[in-house]
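In our numbering, the protein residues as written are 49 to 312. Note sheet for the following structure.
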C-alpha cells in the first residue's frame, strides 16, 4: 500500500486530495495547522476506508517546519510515495502598500516550503525508483497579475520548477505534476482580501475542489507534466497570454483587479 503526504490537508483542495486518495486505499500523512479539523478528517477516512492516517499539526511558515515534518515522518516509519504540496496563501492589494512580512510569508510558504519538502522526499523516491510529487500551481502562473503580484509570481515559480523536475526525474520512475486550477473555493479569495465584487466574479467560474483533484489524479496517472482543470475558462486563461504582448496582459489584469484602488 502506498503512502501520501498532503500539506494544507484540513480543508479545500487538500482535504479533497485526502478523500480521493483514501478511496484508492492510499495511507495518508496529513499536515495542517488545525488539529481539530485534521483529527476529524483522519478519523472519518480511517473509518470509511480502513487505511492508516497520521496527522502532523504544523504551521508551515515556521522556520523549522520542514525539518519537523521530515523527522516526524521518519519517526512514524513511513516512506512517502506521493507528496502533495498543496498549502499556500494569497494576498490581494497594492504591493507598495502591502504588509511586507505577509509578502515574505507568502514566498516562504508558496515557494521555499515546497522546494524544501520536495528535496527532502525526492531522494527516497529516486532511490526506490518510484513515487511522485503533485505541486499546486495556478492559472495565475501563466501571467503577471497586478494587485495579486506575489501570489502569481510564486505560482509561476512552482510551474517552472515542477516542469523541470518532471524532466529530471522521469528516468528514475518518479513523476512530477503541476496542477494549475482557476478559482476553486471562494474561501481562498475572501481570506486573500479580495473585494466582494471580485469574489462574486470568481464565484461564477468557481470549480468544485473535487473536480480539481479528480482531473489532477487523472493527469498524474497519465504522467503529464501539467494539468489545467476545467474544460473552457481555465484553459483559455492559461493559453491566451501566450499569443498577445505581455504588457497587454498586465494592463488587462490591472484594469480588472485595480478598480478597488481607483487604478483600473
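The beta-carbon is built from N, C-alpha and C at its ideal position, and this holds for glycine as well.
*asked:* Rounding to the nearest angstrom, what Cα-Cα distance links residue 252 and residue 233 in this structure?
replied: For this step, residue 252 is matched to residue 204 along the chain shown. For this step, residue 233 is matched to residue 185 along the chain shown. Going from the Cα of residue 252 to the Cα of residue 233 covers about 11 Å.
_If I measure Cβ to Cβ from residue 210 and keep anything under 8 Å in the same chain, skipping five residues before and after, which residues do I get?_
Residue 210 sits at position 162 when you count from the first residue of the chain shown. Here the set comprises 181, 183, 185, 224, 225, 226, 273 and 274.
*asked:* Taking its Cβ as the centre, do 16 or more other Cβ atoms sit within 10 Å of residue 230, making it buried, or is it exposed?
replied: For the purposes of this step, residue 230 is identified with residue 182 of the chain shown, where counting begins at 1. Classification for residue 230: buried.
*Would you call the region 145-160 and the region 94-104 touching, i.e. three or more CB-CB distances under 8 Å?*
no
*Take residue 148 as the anchor and find which of 257, 198, 80 and 215 has the nearest alpha-carbon.*
As a working mapping, residue 148 is identified with position 100 in the chain shown. Residue 148 has its Cα closest to that of 198, out of 257, 198, 80 and 215.
*Output the distance between the C-alpha atoms of residue 287 and residue 190, rounded to the nearest integer angstrom.*
Taking the chain shown and counting its residues from 1, one reaches residue 287 at position 239. Taking the chain shown and counting its residues from 1, one reaches residue 190 at position 142. Spanning the two alpha carbons is a distance of roughly 8 Å.
*Leaving out the 5 sequence neighbours to the left and right, which residues in its chain are closer than 7 Å to residue 114 when beta-carbon positions are compared?*
What you label residue 114 is simply residue 66 of the chain shown in a count that begins at 1. Closer than 7 Å at Cβ, skipping near neighbours: 161, 164, 165 and 168.
*Since residue 284 is in the alpha helix (DSSP H), which residue starts that stretch and which ends it?*
The sequence position of residue 284 within the chain shown is 236, counting from 1. Unbroken alpha helix (DSSP H) run through residue 284: 281-287.
*For the putative contact between residue 306 and residue 140, defined by C-beta atoms under 8 Å, what is the C-beta separation to the nearest angstrom?*
Reading the chain shown from its first residue, position 258 is the one you call residue 306. Reading the chain shown from its first residue, position 92 is the one you call residue 140. Actually they are not in contact, since the Cβ atoms of residue 306 and residue 140 sit about 11 Å apart, beyond 8 Å.
_Cα-Cα separation between residue 269 and residue 222, rounded to whole angstroms_ = Within the chain shown, numbered from 1, the residue matching residue 269 stands at position 221. Within the chain shown, numbered from 1, the residue matching residue 222 stands at position 174. For residue 269 and residue 222, the distance between alpha carbons rounds to 12 Å.
*Beta-bridge partners of residue 178, as assigned by DSSP*: Indexing the chain shown from 1 puts residue 178 at position 130. Its beta-bridge partners do not exist; DSSP assigns none.
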